[in-house]
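>
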Amino acid sequence: MVLKFWRILTRTLSFGGPRNRKYGRRLALNLFRKCCAEFIGAFAIVFGGCGAVAIDQISGGAITHYGVATVFGLIVMTMIYATGHISGAHFNPAVTLGFALTRHFPVREIIPYIVAQCLGAILASGIHRVTLAPMVGGALNYGVTRPLDGQFSTAVIYEFILTFMLMMVIVAVATDYRAVGQMAGLAIGGTVWFEAMFAGPICGASMNPARSLGPALISGQLETVPAYIVGPVLGALCGALCYQFIRCDDSSGDPASGCC
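Note that numbering that gives the first Met the number 0 has the sequence shown beginning at 0, numbered continuously upward.
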């Protein structure tokens, strides 16, 4: 799979004569490294965050909702600091699309990023199925996101608002030179933490299509996935556009400096 992915990247970015092909291979290698960072980040979020949900079930509530929200916030924060300088630390298809819409991310890298993010989330959930599900006879809570009232509209509305606020913070600390960039991990992780704290019981507070897809695919509970794609994607797009509108025209950002 890795070799096939590499060949696709090389063919996509290589063109022309030997010099251009060499340049294309260099671009492909750089993109592959970024995708590896995105894969690891998304894997860590689902492995740690959704793993906390599963272990809370197995342990009879030892972690608690507060603990689960804290794990999500901390893992996002630490992975931003670990890989932000490599890939921008999106870990989230909605964030990647938001940066691309506002021209802070190259369009040609959208699909590789999203594929890497989703594969990382799926692998993490697969490991939970192999290692944790047998402890509860297969009836494991994989961290599947679903609205408390079962309504599609509830999930879409809450996920839209949550991701809108998250994306506002991300774009601010990642692209505006007036923001304190060194605080990006803390600001974004803190946003994930407080949103998970108050909205987790209502809608799961996913804010990330990959985070919802992984557990849903492995558990076979796919009925709510569309809501957790539509809500976060629309929220991220609107949040990115909103910050672009309200910030001063003289601020500019590095296209590769996205986060979460």
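Every residue, glycine too, gets a C-beta built ideally from N, C-alpha and C.
If you draw a straight line from the alpha carbon of glycine 48 to that of phenylalanine 71, how long is it in whole angstroms?
So the two alpha carbons sit approximately 5 Å from each other.
> Quick check for students: name the residue ranges of the alpha helix (DSSP H) that lie wholly in the stretch 38-63, counting only runs of 4 or more.
With a minimum length of 4 residues, the continuous alpha helix (DSSP H) runs that stay inside the stretch 38-63 are 50-57.
> Note down the Cα distance separating glycine 50 from glutamate 194, rounded to an integer number of angstroms.
Straight-line Cα distance between these residues: approximately 19 Å.
> So what does DSSP say about histidine 103, is it helix, strand or coil?
Histidine 103: coil per DSSP, three-state reduction.
> Consult DSSP for phenylalanine 90 and reduce its assignment to one of helix, strand or coil.
In this structure, phenylalanine 90 counts as coil in the three-state DSSP scheme.
> Spatial neighbours of leucine 131 within its chain, please: CB distance less than 8 Å, with the 5 preceding and 5 following residues excluded, ordered by chain position.
Here the set comprises Gly50, Ala53, Ile54, Ile57 and Leu139.
> For serine 205, report the span of its alpha helix (DSSP H) as first-last.
From DSSP, serine 205 is part of no alpha helix (DSSP H); its letter is neither H nor E.
> Hey, is alanine 178's beta-carbon within less than 8 Å of any beta-carbon in chain D?
The structure shown contains no chain D, having only a single protein chain.
> Can you list, in chain order, the residues of its chain whose CB lies under 7 Å from that of leucine 118, leaving out five sequence neighbours each side?
Cβ within range, chain order: Phe38.
> Below 6 Å CB to CB, which residues in the same chain sit around threonine 144 once its five sequence neighbours on both sides are set aside?
Only Gly203, Ser205, Ser211 and Tyr227 meet the Cβ criterion.
> How is tyrosine 80 classed by DSSP in three states: helix, strand or coil?
Three-state DSSP puts tyrosine 80 in a helix.
> Between the Cα of phenylalanine 46 and the Cα atoms of Ile126, Leu96, Ala68 and Val94, which residue gives the shortest distance?
With distances taken between Cα atoms, phenylalanine 46 lies closest to Ile126.
> How far does the alpha helix (DSSP H) with alanine 268 in it reach, from first residue to last?
Outside the displayed span of the chain (0 to 259) sits residue 268, for which this structure offers no information.
> For methionine 78 versus isoleucine 113, is the C-beta distance shorter than 8 Å?
No, Cβ-Cβ distance for methionine 78 and isoleucine 113 is not below 8 Å.
> For arginine 246, I'd like the list of residues in its chain whose CB is within less than 8 Å of its CB, leaving aside the five on either flank, ordered along the chain.
Around arginine 246: Ala171 and Asp175.
> Would you call isoleucine 110 buried or exposed, if buried means 16 or more other Cβ atoms sit within 10 Å of its Cβ?
It is exposed - the Cβ of isoleucine 110 has fewer than 16 other Cβ atoms within 10 Å.
> Using only CA atoms, which one of Gly97, Ala36 and Tyr65 lies nearest to histidine 84?
Per the Cα distances, Ala36.
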